[in-house]
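Residue numbers (the numbering used here): 214 to 433.
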Amino acid sequence: MMRHSSNPAHINTKKAKKIRPQASWFARLAVLEARASKRASLIWMFYLPVIFFVYGFVLGTTYLQQDSALFVLSGFCVYSVASALFMFPVLQNYYIKALEVYRYEKADGAGRAQDLVFQGFFRFSTMAIIPVVFSAGVLYLLTVKMEFWDGMVFLDLAIINMALNQTWIALLTFVLCAFPNYSARLSPMISSVAGFSSGFFVPRDETEWYYRWIFYINPN
214 MMRHSSNPAH
224 INTKKAKKIR
234 PQASWFARLA
244 VLEARASKRA
254 SLIWMFYLPV
264 IFFVYGFVLG
274 TTYLQQDSAL
284 FVLSGFCVYS
294 VASALFMFPV
304 LQNYYIKALE
314 VYRYEKADGA
324 GRAQDLVFQG
334 FFRFSTMAII
344 PVVFSAGVLY
354 LLTVKMEFWD
364 GMVFLDLAII
374 NMALNQTWIA
384 LLTFVLCAFP
394 NYSARLSPMI
404 SSVAGFSSGF
414 FVPRDETEWY
424 YRWIFYINPN
């Protein structure tokens, strides 16, 4: 009686179905971040923290003599809105590179628009958190008297600041992604409106002389 051999050649070897590996959501964002990020110079690394601190300090000294809570809140809102002007150069440089990467990936069938928008928004939101909170503390200490120290007041001010700041970042992100061909014209206009409108919150007779040189427009 002949015995069948266990030769691998006799084993049924059907061709396996090719499965294209799908990258995870975090992996796609990490790849986009790595490809779109440029090597930052020393100036760009300190640009946002320094400019946020300086503007917060200027507003703090402007409102130093004010006892009205309305002035404190309005000063903080001015700082939040005008900070979008300082965010624009960093946003623009990143998105120009990110859009190029997205076009190449989309041509290969791998690019996803939602990844581009999500990564850009949260990238700059996280970049702004530390300088915004730090400047919020400086502004709070310079405007609010020590006997009125209240942690909840500072928390409320920080929430207001972050909400306004992230709103402007989201608006700039939308413009840069939806209208990339016109972003060089539209984004500076939006940022300028955010910055120059700060003058409408500050009465002219209540400002220091140097504040009038920083984004100050008041029709009165």
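Ideal Cβ placement from N, Cα and C applies to all residues, glycine included.
Coarse secondary structure for residue i, derived from DSSP in three states
i	result
Phe392	coil
Buried or exposed by the 16-neighbour rule on C-beta atoms within 10 Å, applied to residue i
i	result
Arg336	buried
Own chain residues within Cβ distance below 6 Å of residue i, not counting five before or after
i	result
Lys319	none
Pro221	Interpretation of Pro221 is limited by its pLDDT of 48, a score under 50 that renders its predicted location unreliable; the figure taken from the coordinates is listed afterwards. Answer for Pro221: no residue qualifies.
Thr380	none
Close Cβ partners of residue i (< 7 Å) along its chain, the five nearest in sequence each way excluded
i	result
Ala391	none
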